Structures are given as C-alpha cells and as structure tokens.
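Engineer: Using UniProt numbering, read the sequence shown as starting at 1 and increasing by one per residue. I have a structure I would like to understand better, so I am pasting it below and will then ask my questions one at a time.
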Amino acid sequence: MMQVIQRYFDAFNAGDLDGMLACLADDVAHHVNEGKVRVGKDAFAEFCAHMNRSYKEHLTDMVIFEAEGGTRAAAEFIVNGTYLATDPGLPEAHGQTYRLPAGSFFSLRDGKITRVVTYYNLADWIAQVSA
C-alpha cells in the first residue's frame, strides 16, 4: 500500500492532478486542514484547482509510514511553497515563500486511498507569509 501513497505524492510534486486522482477511491473523504470534509473525486479536484491558483508547493523530506495490515498509512514532510494569489480570509499574497512541516494520514481499500487528512500549523504559515 505504500506504493499508492508514494505515487500520490510523486503526482503532487509533478503537478499531475490526474495522477493524484488515479490513486483515490471514487468515494474518497478529504479532510482539509482547518476546513470541511469533502467527499468524492470531483470535490478533491475542485480543491486542488483552487490550491493551484493560490499556491505553488513542492514536498521534501518525505517519510511514509504504513500500519500493519495495509489499511492505514501516514506521511511526514516539509511543504516548500510560494503564495501566489490571495486566498479569502488569509493574508494578502505577493509571492511570499514558506517552509512548513506537515503530515497526512490515509485510509486505504483495494489499493486506493479512501481518506486523506492533512495537518499543518496554520499560525506558523500565517506568521511566515506575514513577515
């Protein structure tokens, strides 16, 4: 199951939304940091389109963990990003860069990701882009 998680993150770093979507189950539950749960590939794709307008990100220092039985996984990484366009309710964007530790948690079924939960410290991000 670690292979599907690696493919998911490889696709993220390549800017390959279709590659990311191919790793997801149709009924994927996407738990957004500080946000609502979005269900389904269409909702996930809409979220990614929004993110790609506002942020350019590349993940490094990736460590992937798999729970016994292959139904759960987690990853720890560093988000290296550039804030491209102002996201409503957040500081104004003017090309600020940031480096932020983050983590994701996954549920898996039949070789597909059924749940994605991503966490990072929003206050840390706001401090970095506000400096």
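Idealized CB from N, CA, C, for every residue including glycine. None of these values were measured; they are calculated from a predicted model.
1. In whole angstroms, give me the CA-to-CA distance for residue 149 and G35.
2. So what does DSSP say about K41, is it helix, strand or coil?
3. As a quick exercise: from A25, L108 and Q128, pick the residue whose alpha carbon is nearest that of R99.
4. Secondary structure at G19, three-state DSSP: helix, strand or coil?
5. Considering Cα atoms alone, identify which of C48, Y55, A25 and G40 is closest to L90.
6. How do the region 104–120 and the region 69–76 stand: do at least 3 beta-carbon pairs fall below 8 Å, yes or no?
7. Going by other Cβ atoms of all chains shown within 10 Å of its Cβ, with 16 needed for buried, is G95 buried or exposed?
8. Of the choices L108, N121 and W125, whose alpha-carbon is the least far from that of V4?
Structural biologist: So, from the listed chains and residues:
1. Past the boundaries of the shown model lies residue 149; the chain is included only from 1 to 131, so the question cannot be answered.
2. As a working mapping, residue 41 is identified with position 41 in the sequence shown. Per DSSP, reduced to three states, the secondary structure at K41 is helical.
3. Locating residue 99 in the sequence shown gives position 99, where the first residue counts as 1. When only C-alpha atoms are compared, the closest one is Q128.
4. As a working note, residue 19 is residue 19 in the sequence shown. It is helical.
5. Residue 90 sits at position 90 when you count from the first residue of the sequence shown. Of the candidates C48, Y55, A25 and G40, the one whose C-alpha sits nearest the C-alpha of L90 is Y55.
6. In short, these stretches touch, since the Cβ pair count reaches three.
7. Stepping through the sequence shown from its first residue, residue 95 is reached at position 95. Label assigned to G95: exposed.
8. For the purposes of this step, residue 4 is taken as the residue at position 4 of the sequence shown. Closest option to V4, Cα to Cα, is L108.
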